[in-house]
Every structure is written in structure tokens, then in C-alpha cells.
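Student:
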Amino acid sequence: MFPVHPKSPAARRAAAAATVALLVPLAAACGGDGDNAGKKGGGKNVRLTVLAASSLTDVFATAEKAYEKDHPGTDLTVSAAGSQELAAQVKQGSPADVLVTADTKTMDGLRAETGAPTVIAKNRLVIATREGNPDRIKGLKDLADRELKVVLADDTVPVGRYSKEVLDRQGVQVKPVSKEANVRSVLSKVELGEADAGIVYRTDAATAPGKVDAVTIPDRQNAVASYPAATLKGSGNSAAAAAFVKWLGSPDAQKILRDAGFQKP
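If you read the sequence shown in our numbering, its first letter stands for residue 2, the second for the next number, and so on.
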């Protein structure tokens, strides 16, 4: 075989082919993040962990399926707990990408760890009673009855603070048989018959048809719960996390929230 002259066309073609061979794997390793992350059909496969308030448990299970269907390559994991517990996890550096709390106070206390929050939904309180409301509870004042076993959420939890707010405003003194760590625990106590009544979000009572009844609290006596969502600065998938938070405000996501009984932001 004759040697190829370094300046010949054959030599230049060989050098170009070698350069492309080197650049292709490099581009594959560097690409796939950024603008395409979290978009329908684009970007690399990503896993997102969403920390969500307990009252979002059911609706976010639906949202998770809808988002993954419309965003192939994105795998969502929703971890639900009381907002104060989620805040503690964030401060301890637990790996996560998005945070959604049941109040603005908790989110505001995490400004150093989150991006700018946006409210995605609102909620109101109801009195959850045993099925059929056998104690004939009509409103907040009835909860002062010492014969009733009333359970509330702890004051450190958003729903607990809202409950205290509405009771104090009406001058109603309640001695709960227990104070729970989150709204789902309050609901569970009533469902199981361990309590006669408890204050929960309207959307939580709606998840237990045939198990509890919901007594409406008039708007003038009620409190409005706001649900802010934000990306977490420690996320390893910031673009995909931002895409999910943005999606929560989209018509598709808002319909899922409305269908579950949440109010417009």
C-alpha cells in the first residue's frame, strides 16, 4: 500500500471522519438537558421527586399519571407528608426537585432553598363527621360540646393553624382528644370511628365518600388555604423541575385540581 500524503484529499477525509467519531459520543454525553428537559417527547430520561402536602395525596397521584403520559422519559415520584415535615426534609438536604405546601407561611420560610413559588390552587375547611352525622353537628360552635370526641391537626401543621384561626375567630373552645401530624391522620380518626368529628380540607373529606360526612363552614367563618409550588435549588434536574411547576398552572393540571375540588389559585 502506498503511504497517504498528509495534505492529500484522502488524508483530509480520514482526519475529518476521526474528528466526527470523537465528537459524537461527547455530544451524546453533554446533550439532553436544558431546554428539552421535561418537554413532551424530548430530552433525556429524568427522575423527579415531588414533595407534596398530605392533602394533595390523591390529586397528585392522578397528576403524576397524566404528566408522565404527556412527558415520556420523565418519571415522577410524589412523596406526601405534612407541610412542616416536608420543610424539615428540605432543610436537612433530602434529595428532591419540587416542593408544594398547603400554606404560604411554610414556603416563605424556605426562601433560601427554593425558587420563586407560584400558587397553584386554593382550598377551604369543612367539619368531617362520622357517616350520617349521627351527632347532628351543624357548625363550628357544636364542636365545643364536651361530649364529642373532636380531633384536630397540630398547630404546627397548616390545617391545624387554619383550624385554630377559624375556631378562635368564632370564640369556640375545643378540647381535642388528639392533635395529629397531618390532615389525613385527622380524617382517618373520623373514618375509623376514633373521633366524632374533625376539621379537614374540603378535598380530603371528598376522598372518603360513604365513610364520612362533610359539614360546610360558611365562607365568612372559613379560612382559605393557598398551595404554592416551587423548584428546589438542590435539584439535579432544575429544567425538568421548572417544567413540572409550570405545568401545574396549565389548563390540563388545573382541570385535574378542579375535578378534585380544589379552587382556582
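Where a beta carbon is used, it is the ideal one built from N, C-alpha and C, also for glycine.
Owing to the predicted nature of the structure, the values given are computational and were not obtained by experimental measurement.
Using a Cβ distance threshold of 8 Å, determine whether the segment 187 to 196 contacts the segment 117 to 124, with at least three qualifying pairs required.
Tutor: No, the segment 187 to 196 is not in contact with the segment 117 to 124.
Student: Flag this pair as touching only if the segment 152 to 172 and the segment 207 to 216 have three or more C-beta atom pairs under 8 Å; answer yes or no.
Tutor: Verdict: no, contact absent.
Student: Hey, could you find the ends of the beta strand (DSSP E) I138 is sitting in?
Tutor: No beta strand (DSSP E) contains I138, which DSSP labels as neither H nor E.
Student: Can you give me the C-alpha to C-alpha distance between A11 and K45, rounded to a whole angstrom?
Tutor: Annotation note: pLDDT 44 at A11 (below 50); position unreliable, coordinate value reported separately. Their backbone Cα atoms lie some 37 Å apart in a straight line.
Student: Between the C-alpha atoms of P135 and A261, what's the straight-line distance to the nearest angstrom?
Tutor: Using only the alpha carbons, I get a separation of about 26 Å.
Student: Can K233 and E114 be called in contact, C-beta distance under 8 Å?
Tutor: Checking the displayed sequence, the identity of residue 233 turns out to be Leu instead of Lys. Taking 8 Å as the Cβ cut-off, L233 and E114 qualify as a contacting pair.
Student: Taking 6 Å as the limit between beta carbons, can you name the residues of its chain near G140, skipping five residues before and five after?
Tutor: No residues qualify anywhere along the chain.
Student: Quick one: give me the first and last residue of the alpha helix (DSSP H) that L87 is part of.
Tutor: Its alpha helix (DSSP H) spans residues S84 to K92.
Student: Return the CA-CA distance between A244 and E65, expressed in angstroms with no decimal places.
Tutor: If I take the Cα positions, the gap works out to 13 Å.
Student: Does the distance from the CB of L258 to the CB of V101 come in under 8 Å?
Tutor: Their beta carbons are not under 8 Å apart, which means L258 does not touch V101 by this criterion.
Student: Classify S95 as helix, strand or coil using the three-state DSSP reduction.
Tutor: Correct three-state label for S95: coil.
Student: Give the single residue among P177, A53 and D205 whose Cα lies nearest to the Cα of L149.
Tutor: Nearest C-alpha to L149: P177.
Student: Put A196 into one of helix, strand or coil per three-state DSSP.
Tutor: DSSP places A196 in coil when its eight states are reduced to three.
Student: Examine the Cβ distances between the segment 73 to 82 and the segment 48 to 63 and report whether three or more of them are shorter than 8 Å.
Tutor: Judged by Cβ distances under 8 Å, the segment 73 to 82 makes contact with the segment 48 to 63, as three or more pairs qualify.
Student: Quick one: what's N124 bridged to in DSSP?
Tutor: Its beta-bridge partners are A226.
Student: Do you know offhand how far P200's Cα is from A254's?
Tutor: As written in the sequence, residue 200 is Ile, which differs from the Pro given in the question. Looking at the two C-alpha atoms, the distance is approximately 27 Å.
Student: Please return the same chain residues whose Cβ sits closer than 8 Å to the Cβ of F263, not counting the five positions on each side in sequence.
Tutor: Contacts found: V60, A122, K123, N124, T204 and Y228.
Student: Within 10 Å of its beta-carbon, does K265 have 16 or more other beta-carbons around it, so buried, or fewer, so exposed?
Tutor: Per the 10 Å Cβ criterion, exposed.
Student: L24 to S236, Cα distance in whole Å?
Tutor: Interpretation of L24 is limited by its pLDDT of 38, a score under 50 that renders its predicted location unreliable; the figure taken from the coordinates is listed afterwards. When rounded, the distance between both Cα atoms is 28 Å.
Student: Under a Cβ-count criterion, where at least 16 other Cβ atoms within 10 Å of its own Cβ denotes burial, should V187 be classed as buried or exposed?
Tutor: Buried, by the Cβ-count rule.
Student: If I'm right that L144 touches V173 with Cβ under 8 Å, what's the distance once you round it to whole angstroms?
Tutor: Yes, L144 and V173 are in contact; Cβ-Cβ is about 6 Å, under 8 Å.
Student: With DSSP collapsed to three states, give me the class of L27.
Tutor: With a pLDDT of 35 at L27, under the threshold of 50, the modelled position of this residue cannot be trusted; read the value that follows with caution. Three-state result, L27: helix.
Student: For my contact list, V160 and Y202 are in at a C-beta cut-off of 8 Å; report their separation, rounded to the angstrom.
Tutor: Yes, V160 and Y202 are in contact; Cβ-Cβ is about 6 Å, under 8 Å.
Student: Please state whether DSSP places V273 in a helix, a strand or coil.
Tutor: This structure cannot settle anything about residue 273, because the visible part of the chain is limited to 2 through 266.
Student: Going by DSSP in three states, E166 sits in which element: helix, strand or coil?
Tutor: Looking at E166 - three-state DSSP - the assignment turns out to be helix.
Student: Report the three-state DSSP secondary structure of R221 (helix, strand or coil).
Tutor: Three-state result, R221: helix.
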